[in-house]
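> In this note's numbering, the protein residues as written are 2 to 361. Got a structure for you, written out below as structure tokens; questions coming shortly.
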Amino acid sequence: MLRPASKFLAALVGRGFRKWWQALPRHKKEIFRDHLRRNIVRYAVGSGVMGTAGFVYYNNHVTTTPYTGRSRFMVFKSEEQFSISSRLYEMAMKEYADDMLHNDHPMVDCVRRVGNRLLQANHAMPEIYTRVWTVSVVDNPLRNCFVLPTGDIVMFSGMMEILENDDQVAAVLAHEMSHVILEHVAEHLSRDYLLDLFILFPVALIWAFLPNDLLAAVSHWLLHYVVELFLSLPYSRTLESEADHLGLRLAAKACYDVREFSAFWGKMAVLDKIIEKNSEEKEPPFWLSTHPSSEDRRKELEKQMPEVLDLRRFCKCPNLPVKDPRERIKKIPQSIAPEDNQISPKAIPPKEFSFISSSS
Numbered sequence: 002m003l004r005p006a007s008k009f010l011a012a013l014v015g016r017g018f019r020k021w022w023q024a025l026p027r028h029k030k031e032i033f034r035d036h037l038r039r040n041i042v043r044y045a046v047g048s049g050v051m052g053t054a055g056f057v058y059y060n061n062h063v064t065t066t067p068y069t070g071r072s073r074f075m076v077f078k079s080e081e082q083f084s085i086s087s088r089l090y091e092m093a094m095k096e097y098a099d100d101m102l103h104n105d106h107p108m109v110d111c112v113r114r115v116g117n118r119l120l121q122a123n124h125a126m127p128e129i130y131t132r133v134w135t136v137s138v139v140d141n142p143l144r145n146c147f148v149l150p151t152g153d154i155v156m157f158s159g160m161m162e163i164l165e166n167d168d169q170v171a172a173v174l175a176h177e178m179s180h181v182i183l184e185h186v187a188e189h190l191s192r193d194y195l196l197d198l199f200i201l202f203p204v205a206l207i208w209a210f211l212p213n214d215l216l217a218a219v220s221h222w223l224l225h226y227v228v229e230l231f232l233s234l235p236y237s238r239t240l241e242s243e244a245d246h247l248g249l250r251l252a253a254k255a256c257y258d259v260r261e262f263s264a265f266w267g268k269m270a271v272l273d274k275i276i277e278k279n280s281e282e283k284e285p286p287f288w289l290s291t292h293p294s295s296e297d298r299r300k301e302l303e304k305q306m307p308e309v310l311d312l313r314r315f316c317k318c319p320n321l322p323v324k325d326p327r328e329r330i331k332k333i334p335q336s337i338a339p340e341d342n343q344i345s346p347k348a349i350p351p352k353e354f355s356f357i358s359s360s361s
């Protein structure tokens, strides 16, 4: 709510200055310009001091991302994202209250079982053992899963129906858990806050110095589009790739078949092509997306496969099956129902599990 309000205020201030300047008599404009010329050094020094203070503030809030080593700006604390996440979880539970699958449902049991194994194998991470993890599965065809910073896992049955086994469930859960471990929500909020501070001044200048409201509005929209295209979207894709990177390693330590990660995204790439072919609406190009394409994710995971297979061996995991699951990608078109382009749901056998609590 504060983000659009702050930009609106900046535009209002800039527009107010323009209207004031346009209404000013010529001799008063000359007085104003003369004042600026006489005090240019003072204003330059003031701007330099403010810029230095801003740099110091930024530098004092730059941290290193755990487990990946990437530098990032962080101003929001864990407690703040927990407060936001708790409200989001309550809203989600209220919205899907009538669609929650019972605790003994095979899908719930599967998510709980896989989640427990991932957590137990990576229990040394403080980001894991300081949270109370819960599981909820929503009976909804939406192909989605998310894990809130509080540790609340929300899976949709639509996603479960295209996951063929525990290894692919681990691919999805490990990715979403990685967002939590890496505190991507707090980082995203921090970056949005910083970006807004930088954008406010150009917005005010646009509305102050362009001659009319129409030109200012178009330029304002172009600024927003450029920021979204060249800063926000690439950054979002970076976070998704980083979560893939860590998630692959979480699953390797849990002795899952990490080749299924590549197989899953290969399957999604085939599905994307089939759906696009049979749909009037075309998928936007990758540079307009918040996520890397399924095919790009598959290729990136393949590059990391030798390293994570070595990690899996280092953890003394059982040998992988001789049959490589990635070979199944070639057979996916035959397993898709022609009338609705859906992969047939796979039965998920229930097993005993006790680490993550179920929310009900």
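We treat Cβ as the ideally placed atom computed from N, Cα and C, and that holds for glycine. Predicted, not measured: the structure shown is a model, and the values here were computed from it.
Taking Cβ positions, are residue 312 and residue 263 nearer each other than 9 Å?
Along the sequence shown, read from residue 1 onward, the residue named residue 312 stands at position 311. Along the sequence shown, read from residue 1 onward, the residue named residue 263 stands at position 262. In this structure, residue 263 does not lie closer than 9 Å to residue 312 by Cβ.
> Could I get the ranges of all uninterrupted alpha helix (DSSP H) runs contained in the region 96-173, with 4 residues as the minimum, in chain order?
DSSP runs (the alpha helix (DSSP H)) wholly in the region 96-173: 107-122, 127-130 and 158-161.
> For residue 347, I'd like the list of residues in its chain whose CB is within less than 6 Å of its CB, leaving aside the five on either flank, ordered along the chain.
Counting from 1 along the sequence shown, the entry for residue 347 is found at position 346. Caution is warranted here: a pLDDT of 42 is assigned to residue 347, below 50, making its placement in the model unreliable, and the coordinate value is therefore given only provisionally. Closer than 6 Å at the Cβ level, and outside the excluded window around residue 347, lie 165.
> Just the C-alpha distance for residue 38 and residue 61, rounded to the nearest angstrom, thanks.
Walking along the sequence shown from the start, residue 38 turns up at place 37. Walking along the sequence shown from the start, residue 61 turns up at place 60. So the alpha carbons of these two residues sit roughly 35 Å apart.
> Which two residues bound the contiguous alpha helix (DSSP H) that contains residue 65?
Locating residue 65 in the sequence shown gives position 64, where the first residue counts as 1. No alpha helix (DSSP H) contains residue 65, which is instead part of the beta strand (DSSP E) from 63-65.
> Cβ atoms of residue 224 and residue 204: under 9 Å apart, would you say?
On the sequence shown, residue 204 is found 203 positions in, with the first residue counted as 1. On the sequence shown, residue 224 is found 223 positions in, with the first residue counted as 1. Yes, the pair counts as a contact, with Cβ atoms nearer than the cut-off.
> Give the DSSP-derived three-state secondary structure of residue 71 in the structure shown.
Here residue 71 corresponds to residue number 70 of the sequence shown, with the count starting at 1. Three-state result, residue 71: coil.
> Tell me which residue opens and which closes the alpha helix (DSSP H) that residue 39 is part of.
Your numbering for residue 39 matches position 38 in the sequence shown. Segment 27-39, the alpha helix (DSSP H) holding residue 39.
> Grab me the residues of residue 256's own chain with a C-beta within less than 6 Å of its C-beta, minus the 5 sequence neighbours each way, in chain order.
To locate residue 256, count along the sequence shown from 1; it is residue 255. So the qualifying residues of the chain are 318.
> Start and end of the alpha helix (DSSP H) containing residue 300?
The residue you call residue 300 lines up with position 299 of the sequence shown. Note, residue 300: alpha helix (DSSP H), 295-315.
> Out of 135, 273, 126 and 150, state which residue places its alpha-carbon closest to the alpha-carbon of residue 251.
Taking the first residue of the sequence shown as position 1, residue 251 is located at position 250. Ranking the options by Cα distance to residue 251, first place goes to 126.
> In angstroms, rounded to a whole number, what distance separates the CA positions of residue 131 and residue 183?
As a position in the sequence shown, residue 131 is number 130, starting the count at 1. As a position in the sequence shown, residue 183 is number 182, starting the count at 1. Distance between the alpha carbons of residue 131 and residue 183: 14 Å.
> In three-state terms, what does DSSP make of residue 199?
Position 198 of the sequence shown, counted from the first residue, corresponds to residue 199. Helix, per DSSP.
> Buried or exposed: residue 280, going by 16 or more other Cβ atoms within 10 Å of its Cβ?
Translated into the one-based positions of the sequence shown, residue 280 becomes position 279. Its Cβ having fewer than 16 others within 10 Å, residue 280 is exposed.
> Do three or more CB pairs link the region 145-160 to the region 269-279 at distances below 8 Å?
The answer is no - the region 269-279 does not touch the region 145-160, with fewer than three Cβ pairs under 8 Å.
> Does DSSP classify residue 245 as helix, strand or coil?
By 1-based counting over the sequence shown, the position of residue 245 is 244. Looking at residue 245 - three-state DSSP - the assignment turns out to be helix.
> From residue 214 to residue 44, what does the alpha carbon distance come to, in whole angstroms?
Against the sequence shown, residue 214 aligns to sequence position 213. Against the sequence shown, residue 44 aligns to sequence position 43. When rounded, the distance between both Cα atoms is 28 Å.
> Taking 9 Å as the cut-off, decide whether the C-beta atoms of residue 97 and residue 136 are in contact.
One-based indexing of the sequence shown puts residue 97 at position 96. One-based indexing of the sequence shown puts residue 136 at position 135. No.
> Please report the straight-line C-alpha distance between residue 36 and residue 24, rounded to a whole angstrom.
On the sequence shown, position 35 is the one that residue 36 refers to. On the sequence shown, position 23 is the one that residue 24 refers to. If you take the alpha carbons of residue 36 and residue 24, they lie about 18 Å apart.
> Counting only beta-carbon atoms, is residue 312 nearer than 9 Å to chain D?
The question asks about chain D, but that chain is absent: this structure has only one protein chain.
> Would you say residue 198 touches the ligand GDP, meaning its beta carbon is less than 8 Å from a heavy atom?
Here there are no bound small molecules, and the ligand GDP is not part of this structure.
> Report all residues from its chain with a CB closer than 8 Å to the CB of residue 141; omit the five preceding and five following residues, and keep chain order.
Locating residue 141 in the sequence shown gives position 140, where the first residue counts as 1. These residues qualify, in order along the chain: 97, 100, 157, 158 and 159.
> Beta-carbon within less than 8 Å of residue 206's beta-carbon, same chain only, minus the 5 sequence neighbours each way: which residues are those?
The sequence position of residue 206 within the sequence shown is 205, counting from 1. Hits under 8 Å: 15.
> Residues in the same chain with beta-carbon distance under 8 Å from residue 33, minus the five sequence neighbours each way, listed in chain order, please.
Mapped onto the sequence shown, residue 33 falls at position 32. Contacts found: 25.
> So, with DSSP's three-state summary, where would you put residue 277?
Counting from 1 along the sequence shown, the entry for residue 277 is found at position 276. Residue 277 falls in the helix class under three-state DSSP.
> Express the C-alpha separation of residue 13 and residue 67 in angstroms, rounding to a whole number.
Sequence index remark: in the sequence shown, residue 67 carries index 66 (1-based). Sequence index remark: in the sequence shown, residue 13 carries index 12 (1-based). Distance between the alpha carbons of residue 67 and residue 13 is about 41 Å.
> Are there three or more Cβ pairs, one per stretch, closer than 8 Å when the region 235-247 is compared with the region 183-196?
Yes, since at least three Cβ pairs between the region 235-247 and the region 183-196 fall closer than 8 Å, the two stretches touch.
> Look at residue 1 and residue 287 and say whether their C-beta atoms are less than 9 Å apart.
Since the first and last residues shown for the chain are 2 and 361, residue 1 lies out of range.
> Looking only at its chain, what residues have a beta carbon closer than 7 Å to the beta carbon of residue 233, apart from the 5 residues adjacent to it on each side?
As a first step, residue 233 is located in the sequence shown; it is residue number 232 there, counting from the start. Around residue 233: no qualifying Cβ.
> Can you look up residue 20 in the DSSP assignment and give me helix, strand or coil?
Stepping through the sequence shown from its first residue, residue 20 is reached at position 19. Helix at residue 20.
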